[in-house]
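Asks:
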Amino acid sequence: MTIKLEQELIVTSDKTIDARGANVEIYNGAGITVQFAKNVIIYGLQIHHIIPAKGGKTKDGENYHGLPGASDGDGVSFFGATNIWLDHLSLHHCANGLIDVIQGSTAVTISNCHFTNNNDVMLFGASDSYSADKKM
C-alpha cells in the first residue's frame, strides 16, 4: 500500500500505526507529526521522499480546529510529545531530517529502525535556548 500525504498526518494521543504484515509506504508527500500527544506507537512503515507541504485546516478533537503552517519535509516530527515508540521503520530521502524530536518531547524510544540517504538523520532539541529541551 502506498500513501501520498498532501498535508502532514497529525497523530493525536493514544494511537498506534501498525504496518506489521503489510508493505506500507508513505512517500512523495508530507510526513507524520505528533504534536503535544502521548502514548503513540508507530511500527513497520517505510517513509521516504518526503517533501515540504503546505499547511491547512485540521481538526484533532471535538473542540479544536487548527491551521498549522507548512511542514518542512521531515519524515517524522515530535513536538512536546511523550511516551513514544518508533519501531521497525525505514526512512530515507526526506527533504529535511528523518526524525525530529523537539519542544520538550520526552520518553521517546527509537528501536530497530533503518536510516539511509539523508544529510540530517535525527534532531533532538532544536535550540539551546529552549528550556524545555533541557529535560530530554
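If you use UniProt numbering, the sequence shown closes out at 136, no skipped numbers anywhere. Quick reminder that beta carbons are idealized off the backbone N, C-alpha and C, glycines included.
(1) So, is Glu8 buried or exposed, given that buried needs 16 or more other C-beta atoms within 10 angstroms?
(2) Within 10 angstroms of the Cβ of Ile32, are there 16 or more other Cβ atoms? Answer buried if so, exposed if not.
(3) Does the beta-carbon distance from His48 to Leu91 come in below 9 Å?
(4) Quick check: does the Cβ of Leu123 come within less than 8 Å of any heavy atom belonging to the ligand COA?
(5) Give me, in chain order, the residues of the same chain whose beta-carbon lies closer than 6 Å to that of Ala53; leave out the 5 immediate sequence neighbours on both sides.
(6) Checking 9 Å against the spacing of the C-beta atoms, do Ala132 and Val108 come in under that value?
(7) Based on Cα-Cα distance, which residue from Gly44, Phe79 and Gln46 lies nearest to Ser105?
(8) Since His128 contacts Asn96 with CB under 8 Å, what's their CB separation in whole angstroms?
(9) Tell me whether Asp14 is buried or exposed, calling it buried when 16 or more other Cβ atoms sit within 10 Å of its Cβ.
(10) On the three-state DSSP scale, how would you describe Asp87?
Replies: By the coordinates alone:
(1) It counts as buried.
(2) buried
(3) For His48 and Leu91, yes; Cβs fall inside 9 Å.
(4) Looking at this structure, you won't find the ligand COA or any other ligand, since it has none at all.
(5) Gln7, Ala30 and Ser71
(6) Judged by beta-carbon spacing, Val108 lies beyond the 9 Å limit of Ala132, meaning their Cβ atoms are not closer than that value.
(7) Phe79
(8) Just to set this straight, residue 128 is Asp in the shown sequence, not His. Actually they do not touch by this definition, with Cβ atoms about 19 Å apart.
(9) By the neighbour-count rule (16 or more Cβ atoms within 10 Å), Asp14 is not buried but exposed.
(10) strand
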